[in-house]
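For the sequence shown, this note's numbering begins at 1 and goes up steadily by one. Every residue, glycine too, gets a C-beta built ideally from N, C-alpha and C. The block underneath contains the structure these notes are about, expressed in structure tokens.
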Amino acid sequence: MSGNVESPTSAGVAGESDAVEPGRVRQLWHLLEPLHALLYYAPEAFEEAAALGYGIGERWPSYFPYRAAPLGAVGGERAASAFYSFSPRMVAEHIVPAWRVARPEAVLKARERAVDRVYRSILSDRVDSPELARAAALARHAAEVANTADRPLAAANAELPWPRAPHQQLWHAATILREHRGDGHLAALLVAGLDPVESLVSFAAIGAASVERFESRGWTSQEWAAARDRLVARGLVNQDGTATEAGRELRRRVEQHTDELAAQPWLASGPAAAAELADLLGEFWVAALSSGLLPSETTLGIGKV
1 MSGNVESPTS
11 AGVAGESDAV
21 EPGRVRQLWH
31 LLEPLHALLY
41 YAPEAFEEAA
51 ALGYGIGERW
61 PSYFPYRAAP
71 LGAVGGERAA
81 SAFYSFSPRM
91 VAEHIVPAWR
101 VARPEAVLKA
111 RERAVDRVYR
121 SILSDRVDSP
131 ELARAAALAR
141 HAAEVANTAD
151 RPLAAANAEL
161 PWPRAPHQQL
171 WHAATILREH
181 RGDGHLAALL
191 VAGLDPVESL
201 VSFAAIGAAS
211 VERFESRGWT
221 SQEWAAARDR
231 LVARGLVNQD
241 GTATEAGREL
251 RRRVEQHTDE
261 LAAQPWLASG
271 PAAAAELADL
281 LGEFWVAALS
291 SGLLPSETTL
301 GIGKV
């Protein structure tokens with residue numbers, strides 16, 4: 001293993017087998033997600049993308065290659081299958097030309113530089129703090145023990161070499177763990193019988209985010225209406241787009257299933273390590289939110305589900 005933070009054994013987290021509460025699993029997602037998402041909004045990340053030749057008038061030209069680069073130079077269909085809730089047209093619009101602008105290897109180097117710069121900007125001297133180094137060790141252990149079978153984005157990120165600096169290791173671990181959860185979430189949606197656009201319509205129906213926010217995923221109004229009609233026919237959504245009791249129950253089960261599928265890295269780490277990491281992440285989570293870089297409303301429903 002590379003890197004200069006504590007190894008999993010010295011971190012004192014290996015071998016515990018006690019249960020980790022579902023609430024802790026979701027809390028750790030809530031804490032780690034903003035630390036990952038900074039890549040898609042920070043000016044430093046746009047500057048690195050612009051240096052590669054990507055347009056930065058909106059975030060999508062860099063978002064798709066930044067997130068998909070671990071998969072290699074994938075085409076539109078493979079990328080759309082991994083991104084799921086985005087319109088395949090939107091994915092192809094950005095992914096197909098992305099690798100003509102820069103190869104995935106160059107994009108991966110750019111995103112590593114971007115993370116280094118934005119973390120140093122928002123955390124200042126805390127990037128060298130023992131608290132961050134400890135958080136990086138705990139998060140890295142969870143990421144390294146994560147089972148990535150049938151989780152393409154998590155596996156692709158897990159296969160990348162670990163950066164040396166603790167703050168970059170923290171971001172890399174957060175990325176593996178959020179993609180691990182995200183890949184599991186897609187499985188939960190499939191089990192629930194929700195196709196890509198239906199997953200958004202049903203999520204908007206329970207108030208996870210506004211319909212306008214979900215429009216960023218690239219579906220036409222006709223596609224949205226057709227998906228709503230299909231959910232109305234299943235008794236999951238009312239004609240006005242709000243969820244029925246059955247629709248709310250289905251989404252509750254989806255989120256519960258997602259938590260269950262996301263629990264494995266934390267079960268392997270143990271409850272003490274999970275609790276310690278949650279405590280350590282607090283100040284870095286606050287710094288990410290206080291940066292003003294992240295949107296106040298996202299399509300993930302954090303804080304609402």
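Quick one: what's got a C-beta closer than 8 Å to ARG126's C-beta in the same chain, skipping five residues either side? LEU132, GLU283, PHE284, ALA287
Compute the Euclidean distance between the alpha carbons of LEU194 and HIS257, then round it to the nearest angstrom. 14 Å
Nearest CA to the CA of SER221: which residue from ALA243, ALA205, THR242, VAL197? Nearest neighbour of SER221 by Cα position, chosen from ALA243, ALA205, THR242, VAL197, turns out to be VAL197.
If we count the other Cβ atoms within 10 Å of its Cβ and call it buried at 16 or more, is THR148 buried or exposed? buried
Within a Cβ cutoff of 7 Å, which residues of the same chain sit near HIS185, ignoring the five residues on either side of it in sequence? Here HIS185 has THR258 as same chain residues with Cβ atoms under 7 Å from its own Cβ, once five neighbours each way along the sequence are excluded.
Assign ASP183 to buried or exposed, taking buried as 16 or more other Cβ atoms, counted over all protein chains shown, within 10 Å of its Cβ. buried
Taking all protein chains shown into account, do 16 or more other C-beta atoms lie within 10 angstroms of the C-beta of GLY292, making it buried, or fewer, making it exposed? exposed
Span of the alpha helix (DSSP H) holding SER202? 196-205
As assigned by DSSP and simplified to three states, the class of VAL237: strand
Using CA atoms only, rank isn't needed, just tell me which of PRO61, LEU294, LEU261, ALA135 is closest to LEU189. LEU261
Are there 16 or more other CB atoms within 10 angstroms of the CB of SER10, so buried, or fewer, so exposed? In this predicted model, SER10 has a pLDDT of only 38, less than 50, meaning its place in the structure is not dependable enough to derive any value.
Quick one: measure Cβ to Cβ for ALA114 and ALA37, integer angstroms, because I've assumed they're closer than 8 Å. With a beta-carbon spacing of about 12 Å, ALA114 and ALA37 fall beyond the 8 Å limit used to define contacts.
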